[in-house]
Amino acid sequence: MTAFVDRGRTHETVQLRIPAALRQDPELGPEPEPEAPPTRKGGRDRYLDLLRALALGRVVLYHNFGWFWLPLVFPSMGVMFALAGSLMARSLSRPAPGVIRGRLRRLLPPMWLFGAAMIALQILGGWGPGSEGHPSWWWAKLAFWILPLSTPPYADELSGFQHVEHTWAAQIIVPLWYLRAYLWYVLLSPLMLRALRRFPVVTLSAPLAMVIVMNAFFVDQEFVYGRVWETANDFATFGACWILGMAHQEGLLKKIPQYVLPSVAPLIMVAGLWYLQTRPVDPTVATDIESWPIAQALWSFGFVAILLHVSPSWEQWPRPLERWNGLVSLLNARAVSVYLWHQVALVVAIPLIDPLWSVPFVYANFQWLLASQWFTLLVAIPLLGLLVLTFGWVEDLAAKRSPRLFPYPRRRRGRRRAAD
75 MTAFVDRGRT HETVQLRIPA ALRQDPELGP EPEPEAPPTR KGGRDRYLDL LRALALGRVV
135 LYHNFGWFWL PLVFPSMGVM FALAGSLMAR SLSRPAPGVI RGRLRRLLPP MWLFGAAMIA
195 LQILGGWGPG SEGHPSWWWA KLAFWILPLS TPPYADELSG FQHVEHTWAA QIIVPLWYLR
255 AYLWYVLLSP LMLRALRRFP VVTLSAPLAM VIVMNAFFVD QEFVYGRVWE TANDFATFGA
315 CWILGMAHQE GLLKKIPQYV LPSVAPLIMV AGLWYLQTRP VDPTVATDIE SWPIAQALWS
375 FGFVAILLHV SPSWEQWPRP LERWNGLVSL LNARAVSVYL WHQVALVVAI PLIDPLWSVP
435 FVYANFQWLL ASQWFTLLVA IPLLGLLVLT FGWVEDLAAK RSPRLFPYPR RRRGRRRAAD
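The working numbering applies: residue 75 is where the sequence shown begins, and numbers increase by one.
Okay, here's the thing in structure tokens:
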């Protein structure tokens with residue numbers, strides 16, 4: 075039994091969180107509220123909070139089960155980048171350098187803490203300057219743990235720990251591709267927003283054109299899957315979703331006739347699905363859209379366009395959803411930590427389960443349970459809760475607020491009394 079790593083990559087990958095136009099950035103922490111465009115009201119948008127929480131949950135499920143249909147039902151990464159793009163556009167009503175510094179301040183400290191733990195464990199497992207044959211390059215690549223402009227380095231295999239798989243580092247660290255892509259979007263957002271305001275159609279279409287050209291005409295070149303290619307390919311795959319979120323925040327989608335998006339978006343999704351079905355794959359294995367950037371870009375773009383078109387902008391929860399307020403708020407408050415540490419929980423759950431196979435009674439009566447991926451998830455969830463409890467407070471420090479071990483919202487007494 076192994077924890078699943080998405081997008082079919084062995085050199086990097088899941089696809090968090092993340093990513094919305096709110097008074098508080100639920101992904102990276104609160105910030106002073108900028109002047110919002112007149113098309114949107116201030117305050118938290120619970121609809122976007124819900125989308126972010128669903129995206130995080132889907133990421134965890136996909137990495138545990140690897141179900142190929144999950145990214146089709148809910149393309150988490152496109153959704154999260156769109157939400158982050160919307161929030162970035164709102165924040166850019168203030169001077170861009172300060173906004174970028176604020177984003178980096180709230181993103182990087184949780185990653186640094188995660189990186190310190192992962193590098194230490196890898197070194198204990200036998201990874202070091204001599205592992206790749208280029209000691210000086212090994213030391214230089216560690217800088218990507220400080221500023222992830224490219225994929226942070228990790229060991230493909232480690233034999234220093236007996237109870238976990240040799241590929242544990244790859245399984246845990248590859249999802250950091252998301253933080254790398256997010257960083258580039260943040261750095262380039264001022265330019266993208268300016269281009270969107272002047273040339274909206276061209277700006278929205280450019281990332282889709284880029285990912286199609288890259289993967290249709292250059293996929294067989296020698297430089298494919300190098301660091302530059304990986305960064306550019308991920309940027310192009312989800313760039314349209316980020317810009318779509320910015321367009322939503324700017325009110326540009328409201329200017330389009332109401333029938334256009336619901337009519338065009340499904341056609342774009344069908345195009346992505348058609349492309350996916352034409353790919354040469356093993357007929358015995360279900361085709362995973364996350365392995366094909368063109369299909370993923372088109373499907374995610376169409377799906378996100380529909381979600382943003384619907385966008386009810388809840389300032390308060392609809393009554394049927396009020397019961398989920400605590401969980402959704404908690405996930406938004408600890409989105410970075412959940413994304414960073416969920417693969418750790420999934421990987422650690424496996425050696426915790428394995429000894430149960432040696433218990434005669436359990437082996438005789440519960441083999442079905444031990445072999446079930448649902449049981450792995452059941453063990454991983456409390457582990458993830460413990461990891462977030464242990465390391466999540468750094469998100470509060472990064473956001474310049476008092477650290478909280480468990481930022482679960484409390485019910486207000488005034489509301490309870492009013493109900494009485």
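C-beta: ideal position from N, C-alpha, C; glycine also.
None of these values were measured; they are calculated from a predicted model.
{"Item": "Pick helix, strand or coil for Gly17, following the three-state DSSP scheme.", "Value": "Residue 17 lies beyond the stretch modelled for the chain, which goes from 75 to 494, so this question has no answer here."}
{"Item": "What is the DSSP secondary structure of Arg132, counted as helix, strand or coil?", "Value": "helix"}
{"Item": "By a C-beta neighbour count over all protein chains shown, 10 Å radius and 16 as the cutoff for buried, is Glu396 buried or exposed?", "Value": "exposed"}
{"Item": "Below 6 Å CB to CB, which residues in the same chain sit around Glu236 once its five sequence neighbours on both sides are set aside?", "Value": "It should be noted that the sequence gives Gln, not Glu, for residue 236. Within the same chain, Gln236 has no close Cβ partners at all."}
{"Item": "Looking at the secondary structure, which residues open and close the alpha helix (DSSP H) in which Ser210 lies?", "Value": "Pro209 to Lys215"}
{"Item": "From the DSSP output, in three-state form, read off Arg353 for me.", "Value": "coil"}
{"Item": "How many angstroms separate the CA atom of Ala244 from the CA atom of Lys328?", "Value": "43 Å"}
{"Item": "Does the Cβ of Val462 lie closer than 7 Å to at least one heavy atom of the ligand FAD?", "Value": "Here there are no bound small molecules, and the ligand FAD is not part of this structure."}
{"Item": "Is the beta carbon of Trp251 closer than 8 Å to that of Thr225?", "Value": "yes"}
{"Item": "Suppose contacts are defined by Cβ-Cβ distances below 8 Å. Is Asn399 in contact with Trp388 by that definition?", "Value": "no"}
{"Item": "Exposed or buried, which one is Val285 when buried takes at least 16 other CB atoms within 10 Å?", "Value": "buried"}
{"Item": "Run the CB neighbour count on Gln323, radius 10 Å, all protein chains shown included, and call it buried at 16 or more, exposed below.", "Value": "buried"}
{"Item": "Contact check, Pro149 vs Tyr136 under 8 Å by CB: the rounded distance?", "Value": "So it is not a contact: roughly 10 Å between Cβ atoms."}
{"Item": "Would a C-beta distance cut-off of 8 Å place Ala310 and Met288 closer than the cut-off?", "Value": "yes"}
{"Item": "For a quick check, are the C-beta atoms of Leu420 and Thr450 less than 8 Å apart?", "Value": "yes"}
{"Item": "How is the alpha helix (DSSP H) around Ala473 delimited, first residue to last?", "Value": "Run containing Ala473: none; DSSP gives neither H nor E here."}
{"Item": "Between the region 159-171 and the region 313-322, do three or more beta carbon pairs fall short of 8 Å?", "Value": "yes"}
{"Item": "Spatial neighbours of Ser263 within its chain, please: CB distance less than 7 Å, with the 5 preceding and 5 following residues excluded, ordered by chain position.", "Value": "Met162 and Leu166"}
{"Item": "Using a Cβ-Cβ cutoff of less than 8 Å, which residues in the same chain neighbour Val355 once the five nearest sequence positions on both sides are dropped?", "Value": "Thr361"}
{"Item": "Taking DSSP as the reference, what is the three-state secondary structure of Gly176?", "Value": "helix"}
{"Item": "Which whole-angstrom value is the C-beta distance of Pro184 and Ser411, which I expect to be below 8 Å?", "Value": "6 Å"}
{"Item": "If you check the beta carbons only, do Val222 and Trp212 fall under 8 Å apart?", "Value": "The residue you asked about is not Val; residue 222 is Pro in the sequence shown. No, the pair does not count as a contact, with Cβ atoms beyond the cut-off."}
{"Item": "Find the nearest neighbour of Leu282 within the set Leu122, Ser374 and Leu181, judged by alpha-carbon distance.", "Value": "Ser374"}
{"Item": "How many whole angstroms separate the CB atoms of Phe440 and Gly152, which I take to be in contact at a CB cut-off of 8 Å?", "Value": "Between Gly152 and Phe440 the Cβ distance is about 39 Å, and since that is not below 8 Å, they are no contact."}
{"Item": "Can you give me the C-alpha to C-alpha distance between Gly346 and Lys215, rounded to a whole angstrom?", "Value": "35 Å"}
{"Item": "Around the Cβ of Gly466, are there at least 16 other Cβ atoms within 10 angstroms (buried) or fewer (exposed)?", "Value": "buried"}
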